[in-house]
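Under mature numbering (1 follows the signal peptide of the UniProt record, and there is no 0), residues -24 to -1, 1 to 196 are what the sequence shown spells out, in order.
Just so you know, even glycine gets a beta-carbon here, dropped at the ideal spot from N, CA and C.
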Amino acid sequence: MTTTPRTRNLAAVTLLVTALAATACDHQVGVPSASSSAPAVLAPPTPPTTTSKASSTPAKAPQQPLDYTRLLLEGRDISSATDTYTAQPATPNPGTKTGAEVLLVNSDQTKAVNILLAALPDPAAAPSALQEAQANLATAVTGGQPQPFPVGSGGTVVSGTSPDGTKSVTVLLFTEGAALARIEFDGVPGQPAVRDFVTNVGQKQDIALRVGLGTTNGPA
């Protein structure tokens, strides 16, 4: 059979088309086949899945009310080698008011110390609470004039006798942070509590309040 130039050209074109078709098939491996009637429609990309991360911060437990009975002085705090005091059971929230109260009596029952702690809304309420307590001093002690005293904030002391004259009475008032302290020293008539003892008890109670309430030194 004799081949002409035209025949050779047709054969070359046929071989080239076949090679391109084979190459195209190789690139389509793994690709979904398109529909014969319409071009393939690509699905929208799937948004990345987000996983909510649990908070690593633990939930805060509700704050418990402060137990003021834990801030009261105990008998051993005010006892000495010659005078031992014993505390009676403390009363929490006396008169339905937040705070605490305790009575400490010496061994021969001739002296007593009554400590009353009253919680205040905030330190800013301390001056007015102190003024109110000072105004009520006459109901507990007569015959003395209130004097400044170096304990806590606004420390005030007055010494005299009870209104019925049956005992000597010394009352110390002061504030510490958001708390008012009232300490009454009772004894036999004519023998009021000595200043050093009043100072010692007052300063120790002030320290107990300062630590318990987390306040700092100095006036509120």
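Asked                                                                                                                                    : Found
At least three beta-carbon pairs within less than 8 angstroms, the segment 153 to 168 to the segment 91 to 104                           : yes
Opening and closing residue of the beta strand (DSSP E) in which arginine 158 lies                                                       : 155 to 163
Own chain, CB closer than 6 angstroms to serine 135, minus 5 neighbours either side, in chain order                                      : Gly120, Thr146 and Pro168
Glutamate 77 classed as buried or exposed, judged by whether at least 16 other C-beta atoms fall within 10 angstroms                     : buried
Alanine 169 (DSSP reduced to helix, strand or coil)                                                                                      : coil
For alanine 57, three-class secondary structure by DSSP                                                                                  : coil
Reduced DSSP category for glycine 190 - H, G, I as helix; E, B as strand; rest coil                                                      : coil
Beta-carbon contacts of lysine 180 that lie in its chain and below 8 angstroms, excluding the five residues immediately before and after : Leu49, Asp53 and Ile54
C-alpha distance - alanine 155 paired with leucine 185, whole-angstrom precision                                                         : 8 angstroms
Residues sharing a beta bridge with phenylalanine 150, DSSP                                                                              : Ala157
Terminal residues of the alpha helix (DSSP H) in which serine 104 lies                                                                   : 102 to 111
Backbone CA spacing between proline 139 and valine 133 [nearest angstrom]                                                                : 17 angstroms
Member of Pro70, Asn69, Gly51 and Ala57 whose CA lies at the smallest distance from the CA of cysteine 63                                : Note that residue 63 is alanine in the sequence shown here, rather than cysteine. The residue with the shortest Cα to Cα distance from alanine 63 is Gly51.
CB contact flag (proline 165, glycine 141, <8 angstroms)                                                                                 : yes
Supposed close pair threonine 151, serine 144 - CB separation, criterion 8 angstroms                                                     : Not confirmed; about 25 angstroms, so no contact.
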